[in-house]
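As structure tokens, the structure follows; a few thoughts come after it.
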Amino acid sequence: MSSLFDPITLRGVTLRNRIGVSPMCQYSSVDGEVNDWHLVHLGSRAAGGAGLVLTEGTAVLPEGRITPSDLGLWRDGHVEGHARIVRFLKSQGAAAGIQLAHAGRKAARLPPWELDPREQQGRPLTEEEGAWPLDGASPLAFDDGYAAPREMTGEEIRRTVEAFAAAARRADAAGYDWLEVHAAHGYLLHSFNSPLSNRRGDEYGGTLENRCRITREVAQAVRSVWPAGKVLSFRLSHTDWTDGGWSTGDTVQLARWLKEDGVDLIDVSSGGNVPRPTIPFGPGYQVPGAEAVRSGAGIPVAAVGMILEPSQAEGIIREGQADLVYLGREMLRDPYWPLRAAVALDRTGEARVPVQYNTAWMRLGTFALEPLSVPRISSKR
Ligand SMILES: Cc1cc2nc3c(=O)[nH]c(=O)nc-3n(C[C@H](O)[C@H](O)[C@H](O)COP(=O)(O)O)c2cc1C
């Protein structure tokens with residue numbers, strides 16, 4: 009029986025605990041470049057004690073960006089910025105992970121807050137704002153206010169698969185140890201997998217096997233360039249929450265195939281491919297999906313979605329419902345959630361505090377100290 013603060017090793021990567029920072033778009037980049045915001049945002053969560061810190065969805069091609077402000081890794085010039093993030097995350101004892109993404113028919117939008125700081129959805133870019141044509145499985149718009157994508161040709165699919173592999177090579181050069189491919193939330197790969205958005209008549213449409221072909225090709229292409237000692241994971245939406253759509257059973261089958269293709273872990277999310285489905289939101293609402301994939305495909309999983317309380321997270325790991333928990337919004341509310349969880353669960357001995365912050369935490373427990381972040385005084389004078 010494992011616990012939230014037990015380390016876990018997959019391939020050659022050991023996480024100090026089972027807590028991951030879920031990928032979260034910051035829409036703060038110019039031309040795909042990393043800047044100080046990304047370093048401070050991700051770095052704070054590593055200092056806060058997470059075992060794994062994942063970047064936001066990082067575009068493998070410029071046309072695969074949700075907005076012009078998404079992070080990217082489509083050219084070699086992007087690598088150094090990512091390397092800076094990786095160095096800092098590792099200095100804090102966290103594993104450094106990147107999520108690679110292509111937004112497909114949900115690309116080319118304005119960042120949500122450009123219209124109104126309270127806005128959630130954004131809107132399509134206009135021509136003057138630099139809109140670009142959308143790529144998709146079939147010419148079906150996601151919703152009102154979204155353009156219909158062009159049906160990608162076989163050649164365009166091949167180039168996109170190669171772009172995932174090229175970005176994976178760059179992620180390796182930047183020093184990331186953990187790579188997650190975004191195949192959820194209605195973005196490009198999910199839109200091929202789901203029968204609701206894929207009406208193709210070629211070898212990429214029709215049967216489940218055909219619809220999942222591009223996702224498997226990405227897995228195989230990435231695995232072939234991604235070192236054997238590093239972790240490859242996929243984020244899948246386990247259901248479209250819509251009759252006749254992508255289902256948990258389909259996810260289990262795809263997870264089995266991905267396992268054959270060398271994928272090590274499935275990050276189990278849901279939804280995003282259908283506007284306004286009825287979703288049973290509530291604490292841990294996607295955990296049953298994670299559990300189904302874990303037991304059905306025999307592959308490690310991460311659970312995500314309204315994991316809020318330390319005892320809830322501990323229960324998910326203890327009960328064997330998932331191998332990791334990823335936290336999104338809770339980490340935006342409190343980057344020190346993992347340290348607070350260690351206090352709440354009486355596991356401070358297994359959690360590390362940056363040595364610079366120990367005066368604030370020592371009265372709450374006996375933490376291990378993280379000295380890696382401190383420049384050492386040279387003894388040679
Ligand atoms: C601001 C924000 C940005 C997000 N961006 C991404 C993303 O880039 N990739 C992704 O797979 N999910 C993204 N998500 C979804 C989160 O990773 C997570 O799955 C979701 O918020 C549910 O977890 P939570 O209830 O802990 O927030 C985002 C969520 C938020 C709140």
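Under our numbering, the first residue of the sequence shown carries the number 9, and numbering increases by one thereafter. Every residue gets a Cβ at the ideal spot worked out from N, C-alpha and C, and that includes glycine.
Span separating the alpha-carbon of residue i from that of residue j
i, j, result
"A116", "V351", "43 Å"
"R348", "T134", "45 Å"
"P379", "P362", "7 Å"
"R166", "Q294", "32 Å"
"W265", "H193", "20 Å"
"R384", "F13", "28 Å"
"V95", "L60", "In the sequence as presented, Val is not what sits at residue 95; that position holds Arg. Each residue's alpha carbon lies about 14 Å from the other."
"R207", "G237", "38 Å"
"P288", "R224", "30 Å"
"V282", "T374", "48 Å"
"E29", "L62", "In the sequence as displayed, the identity of residue 29 is Val instead of Glu. Computed Cα separation, rounded: 6 Å."
"V271", "A103", "18 Å"
"Y154", "D354", "49 Å"
"G40", "A111", "14 Å"
"V21", "A171", "25 Å"
"L23", "D152", "42 Å"
"T286", "T250", "8 Å"
"V382", "G85", "29 Å"
"P141", "E122", "21 Å"
"S303", "Y334", "19 Å"
"E338", "D210", "43 Å"
"A139", "L79", "17 Å"
"V226", "W45", "30 Å"
"R360", "Q261", "39 Å"
"W186", "G105", "4 Å"
"I274", "A263", "7 Å"
"G130", "M9", "44 Å"
"G357", "L332", "20 Å"
"A191", "A179", "18 Å"
"Y195", "D143", "10 Å"
Run of the beta strand (DSSP E) containing residue i, from where it starts to where it stops
i, result
"G357", "Per DSSP, G357 belongs to no beta strand (DSSP E) and is neither H nor E."
"S245", "V239 to S245"
"L335", "L332 to L335"
"L5", "No answer is possible for residue 5: it lies beyond the span of the chain, which begins at 9 and ends at 389."
"T367", "T367 -> not in any beta strand (DSSP E); alpha helix (DSSP H) instead, spanning N366 to W369."
"L18", "I16 to L18"
Extent of the continuous alpha helix (DSSP H) to which residue i belongs
i, result
"I324", "P318 to R326"
"E378", "No alpha helix (DSSP H) contains E378, which is instead part of the beta strand (DSSP E) from A376 to E378."
"V21", "Run containing V21: none in the alpha helix (DSSP H); it sits in the beta strand (DSSP E), V21 to L23."
"P207", "Here the sequence assigns Arg to residue 207, which means Pro is not the residue at that position. Looking at the DSSP string, R207 is not in any alpha helix (DSSP H), and its letter there is neither H nor E."
"L216", "L216 to R219"
CB contact check: residue i to chain C, cutoff 8 Å
i, result
"E159", "Here chain C cannot be found, since the structure has a single protein chain."
Distance cut 7 Å, beta-carbon to ligand 1 heavy atom: residue list by chain order: S30, P31, M32, C33, E64, G65, Q107, A109, H190, A192, H193, R243, S277, V312, G313, M314, I315, Y334, L335, G336, R337, E338 and L340
Between the segment 41-57 and the segment 14-22, do at least 3 Cβ pairs fall closer than 8 Å? no
Quick check for students: name the residue ranges of the alpha helix (DSSP H) that lie wholly in the segment 172-202, counting only runs of 4 or more. 196-201
In chain order, each alpha helix (DSSP H) run of at least 4 residues that lies wholly inside the segment 29-68: 44-55
Does the structure place the segment 362-373 close enough to the segment 295-312 that three or more beta carbon pairs sit under 8 Å? no
Go through the segment 69-133 residue by residue and report every complete run of the beta strand (DSSP E) that reaches 3 residues or more, in order. 103-109
At what residue ranges does the segment 252-323 contain a whole run of the beta strand (DSSP E), taking only runs of 3 or more? 273-277 and 309-312
Sufficient close CB pairs (3 or more, under 8 Å) joining the segment 160-178 to the segment 242-261: no
Contact between the segment 212-221 and the segment 294-303 is defined here as three or more beta-carbon pairs at a separation below 8 Å; is this criterion met? no
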